[in-house]
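**Q**
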Amino acid sequence: MIGAADVGGVHVKYLYHCPRQLWLYVRGIRPEHLSDRVQLGEAVHETSYRRSQPVDLGAAKLDHLDGALWVHEVKSSAVSRAADNAQAIHYCYRLHEVGIDAKGAILHYPATRRTIRIPYTTEQAAKAAADVVTVLETVAAPSSPPRLARPACKGCSYIDYCWME
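According to the UniProt record's numbering, the sequence shown holds residues 1 to 165 in order.
(1) Do Gly9 and Gln124 have their CB atoms nearer than 8 Å?
(2) Is the region 158 to 165 in contact with the region 21 to 29, if contact means three or more CB pairs nearer than 8 Å?
(3) Please tell me whether Thr138 has its Cβ less than 8 Å away from any Cβ of chain B.
(4) Quick one, which of Pro19, Asp101, Arg113 has its alpha-carbon nearest Ser76's?
(5) For Ala82, which of Glu97, Asp6, Tyr14 has the nearest alpha-carbon?
(6) Using only alpha-carbon positions, find the residue among Thr115, Val139, Cys92 that is nearest to Ile29.
(7) Whose C-alpha, out of Trp70, Pro31, Gly3, Leu57, is nearest the C-alpha of Thr115?
(8) In the DSSP output, what is Asp56 paired with across the bridge?
(9) Where does Arg20 fall in DSSP's three states?
(10) Using the Cα positions of Arg20 and Thr122, report the straight-line distance between them to the nearest angstrom.
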């Protein structure tokens with residue numbers, strides 16, 4: 001199983017998107033390579049902001065950290081989601097843990113040419129710490145969390161696993 005230091009941005013994103021997806025992901029069930037949405041996201045990431053370099057923090061890999069210490073994340077969706085915000089703030093949290101005073105996160109949505117700036121506050125830090133605890137509790141459960149209502153699963157790479165009967 002994973003420990004607190006192993007919790008990365010993908011874990012937090014999956015926690016917000018679907019706890020069942022998180023539980024399955026940690027157990028090695030990873031059908032993402034079959035998903036058109038995942039492939040689109042990878043293509044958007046590869047073609048957007050090519051001059052920026054990813055930052056690898058071990059369990060967390062963020063898209064870019066600028067000179068003013070803002071985390072930049074490129075998202076393929078057209079709308080901002082709570083999972084996007086939580087993932088980006090998790091990266092700020094991890095940076096603070098290693099002594100880098102991240103100021104916050106900037107989410108880039110190339111499909112709509114929008115950016116969202118999220119300052120990193122003490123409240124955000126507390127929420128990020130609580131998210132790590134919730135991730136660990138979710139993945140430690142002996143059985144998977146219940147699946148979401150079917151409409152929430154649209155486009156999810158785990159839909160066949162959760163809904164085959």
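A virtual CB, placed ideally from N, CA and C, is assigned to each residue, including glycine.
**A** The answer reads as follows:
(1) Inclusion of Gly9 and Gln124 in the CB contact set at 8 Å is not warranted, their separation being larger than that value.
(2) Yes, they touch.
(3) Among the chains in the structure shown there is no chain B, since it carries only a single protein chain.
(4) Considering only alpha carbons, the answer is Arg113.
(5) Distances from the CA of Ala82 to each of Glu97, Asp6, Tyr14 were compared; the closest alpha carbon is that of Tyr14.
(6) Per the Cα distances, Val139.
(7) Nearest to Thr115 by C-alpha distance, out of Trp70, Pro31, Gly3, Leu57, is Trp70.
(8) Assignment of beta-bridge partners to Asp56 by DSSP yields Lys61.
(9) Correct three-state label for Arg20: helix.
(10) Roughly 29 Å between the two C-alpha positions.
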